[in-house]
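Residue numbers (this note's numbering): 1310 to 1628. Backbone N, C-alpha and C define an ideal beta-carbon position, used for all residues, glycine too. Structure, as structure tokens:
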């Protein structure tokens, strides 16, 4: 390009006066781990209540125990990121419906005890029949069912709010994906939880898990495709470390789904399929996290979409 005989070098968007335009999140690996385990907790709670209502006691047990273990891990990763447990407690002092972080803290605060009560109720059949233990044995099933319903009621919010939380930031590849991240995380949560319970539950009760895997995989793949078709801000999802993770996650998801459907008669194949689905869910969460960091560090993903929107708005005003 030239102007008055002087060659003008092409614009480059490496920095803004030597600084990134937006500040990249300071989050580390514990945040995508928190996203992953929170999804497992939510999906397992839904699986457990479905198993309870259909008389699948072993699947109910594995779902409840998996949900408790996953929400415990998720809370640990969140507290680890916050630095001190007291900070989690302090976040409960204020309920702010307009803040995804505040809402998420309260979701965890309700979901965690409910998942814990549902899991603890599973010890009921092993308690003595007389005295206080006998009373605990008798009330364990209804208490467990009620707690399971509460945790299942909170599960959709737990599975999706983290997508809203990421999209509520200024990070371009997260913010522009706001219509799709909750659906992507929902599908990932259900597929991962189904995989975990395919590993833990007996094959005879795994039929609903196989059907759930198909639905979850369809949701995750559809939402993932939309995330990769948002124009320039989708580049971090297709290239670099995030692109590698997303492609690996997609391959594992397809392999796990096919294995779950074809491995009905093989405990080993079912378990391997479950492991593949778990790995797929983890890869998806880490890929989304990495894509956001990449887009925050490169000013192109902030400047060019804004210029495009301004140009489109000016053209619309002229018309």
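Span of the alpha helix (DSSP H) holding residue 1375?
1366 to 1391
Just mark residue 1311 as buried or exposed, buried being the case when its beta carbon has 16 or more other beta carbons within 10 Å.
Because residue 1311 sits at a pLDDT of 48, beneath the cut-off of 50, its placement in the model cannot be relied upon, and the point is left open.
Out of 1595, 1606, 1627 and 1625, which has the shortest C-alpha to C-alpha gap to residue 1339?
1595
By the 10 Å Cβ neighbour count, where 16 or more other Cβ atoms means buried, how is residue 1617 classified, buried or exposed?
exposed
Pick out whichever of 1416, 1403 and 1545 has its Cα sitting closest to the Cα of residue 1384.
1416
Can you tell me which of the three DSSP states residue 1330 falls into?
Three-state DSSP puts residue 1330 in coil, outside helix and strand.
Pick from 1498, 1554 and 1364: whose alpha carbon is nearest that of residue 1464?
1498
Once the 5 residues before and after residue 1456 are set aside, which same chain residues still bring their CB inside 6 Å of it?
Correct list, in chain order: 1423, 1426 and 1427.
Pull up the distance between the alpha-carbon of residue 1632 and that of residue 1547, whole angstroms please.
Any answer about residue 1632 is impossible in this case: the structure gives the chain only from 1310 up to 1628.
Residue 1480 beta carbon less than 8 Å from that of residue 1334:
yes
Is the region 1520 to 1528 touching the region 1486 to 1504, taking contact as three or more C-beta pairs under 8 Å?
yes
Give the list of continuous alpha helix (DSSP H) stretches no shorter than 4 residues that lie fully inside the region 1449 to 1494.
Here the runs fully enclosed are 1481 to 1484.
Enumerate in chain order the residues of its own chain whose CB-to-CB distance from residue 1488 is below 8 Å, with the five nearest sequence positions on each side excluded.
1535, listed in sequence order.
Can you tell me whether residue 1400 is buried or exposed? The criterion is at least 16 other CB atoms within 10 Å of its CB, across all chains shown.
buried
Reduced DSSP category for residue 1592 - H, G, I as helix; E, B as strand; rest coil
helix
Roughly how many angstroms lie between the CA atoms of residue 1436 and residue 1554, to the nearest whole one?
Spanning the two alpha carbons is a distance of roughly 46 Å.
Going along the chain, which residues of its own chain have a beta-carbon closer than 8 Å to the beta-carbon of residue 1337, five neighbours each way excluded?
1390
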